[in-house]
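The UniProt record's numbering applies: residue 1 is where the sequence shown begins, and numbers increase by one. Note that CB positions come from ideal geometry on N, CA and C, so glycine has one too. Just so it is clear, the structure is predicted and the values come from calculations on it, not from any experiment. Below is one structure, written out as structure tokens; the observations come after it.
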Amino acid sequence: MLKSLRYQFKVSRLSKRDSSSTWFEGSVDDEDDDDEGFYMVEAQDECADGQKLENECVAWDVPRLLGLEGINSNVTSEHSEVLSVTQIQQLSHSLPARLQVCEWMLAYRTQTHGSSLRTLYRTTKQLDTCMIVLVKDTYGQVFGAVCSAPLRVSSTYYGTGQTFLFSFSPHLQVYKWTGVNYYFIKGSVDSLLFGGGLGRFGLWLHSDLLRGRSQRCETFDNDVLSSEEDFIITELEVWALV
Numbered sequence: 001m002l003k004s005l006r007y008q009f010k011v012s013r014l015s016k017r018d019s020s021s022t023w024f025e026g027s028v029d030d031e032d033d034d035d036e037g038f039y040m041v042e043a044q045d046e047c048a049d050g051q052k053l054e055n056e057c058v059a060w061d062v063p064r065l066l067g068l069e070g071i072n073s074n075v076t077s078e079h080s081e082v083l084s085v086t087q088i089q090q091l092s093h094s095l096p097a098r099l100q101v102c103e104w105m106l107a108y109r110t111q112t113h114g115s116s117l118r119t120l121y122r123t124t125k126q127l128d129t130c131m132i133v134l135v136k137d138t139y140g141q142v143f144g145a146v147c148s149a150p151l152r153v154s155s156t157y158y159g160t161g162q163t164f165l166f167s168f169s170p171h172l173q174v175y176k177w178t179g180v181n182y183y184f185i186k187g188s189v190d191s192l193l194f195g196g197g198l199g200r201f202g203l204w205l206h207s208d209l210l211r212g213r214s215q216r217c218e219t220f221d222n223d224v225l226s227s228e229e230d231f232i233i234t235e236l237e238v239w240a241l242v
């Protein structure tokens, strides 16, 4: 049985070719898709399968100062080891409208479940919901992805334009869909990635969930999410929006 942390939210809605890697082999030739439209369930690609300062200020009314006084958080049995309550409030403010009334349930944490992408898939496979992936690395950087679909093994990219990348550096930066392509999410037994184009990935996670890479990609036109393109993960969490 999954331990859970539930937050109640009420807010408003929301490249150059470089296929080299010291951690994975193979390359991706992404093909442009001329089809227009917001939602795209599957997007074909030629990818070779192979990829947290708890800062709650007691003396300050931080949500009010940040303009987030309309957001209420109710912590039950769990807390995030990656994001502070204030950061969760900020991130929830950027969620798509349909997700802003959802509760957050902790579905996976490397500290608890171990560092394994296979375990992540197995732990979350019964959850047919949108998910949030939170990463903290050895540089102290916190970043991740809001996923418009469950995490799963897939032969192609999937998801919708409501998927986006984010980073606290230290302030929240959100990178939304550019509309250039439909490379939102792709999972394999070897890697989990978000965003693509011209052989570059917005966020790439190795199957050991210890190593990762972030590059500017066409899907989100994001900055590198960590301090460096290649990073080591110290904690990773997956939250289901239920």
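For residue i, write down the residues that DSSP places opposite it in a beta bridge.
i           : result
C147        : M131
residue 256 : The question about residue 256 has no answer here: the residues shown for the chain are numbered 1 through 242.
F231        : G212
L165        : A145, Y175
Check each candidate in the options and name the one with the smallest Cα separation from residue i.
i    : options               : result
Y182 : Q90, E218, R152, W204 : E218
C147 : F220, E235, I233      : F220
G199 : L172, R216, F168      : R216
G159 : W177, L172, V101      : W177
V242 : S94, H93, R98         : R98
Quick check on DSSP: helix, strand or coil for residue i?
i    : result
R216 : coil
R211 : strand
Y157 : strand
V189 : coil
Q120 : According to the sequence provided, residue 120 is Leu. The question's Gln does not apply to it. L120: helix per DSSP, three-state reduction.
L225 : coil
L99  : helix
L91  : helix
Y183 : coil
Under 8 Å Cβ to Cβ from residue i, same chain only, skipping five residues before and after it: list those, please.
i    : result
L151 : L120, Y121, T124, M131, V133, I185, G187, L192, V238
A107 : L2, T123, T124, L127, M131, V238, W239, A240
L209 : T110, S115, S116, L117, L120, I233, L236
Just mark residue i as buried or exposed, buried being the case when its beta carbon has 16 or more other beta carbons within 10 Å.
i    : result
G82  : Reading off the sequence, residue 82 comes out as Val, not Gly. Answer is buried; the Cβ neighbour count reaches 16.
S80  : buried
S227 : exposed
S207 : buried
Short of 6 Å in beta carbon distance, which residues of its chain neighbour residue i, apart from the five on each side in sequence? Order them along the chain.
i    : result
E54  : Note that E54 scores a pLDDT of 34, beneath 50, so its modelled location is shaky; the value from the coordinates is reported in the next line. Same-chain partners within the cutoff: S84.
V180 : E218
Does any CB atom of chain D fall closer than 9 Å to the CB of residue i?
i   : result
E78 : Protein chains in the displayed structure number just one, and chain D is not present.
Can you give me the Cβ contacts of residue i inside the same chain, cut-off strictly under 7 Å, excluding the 5 residues immediately before and after it?
i    : result
E229 : R213, S214, Q215
S169 : Q141
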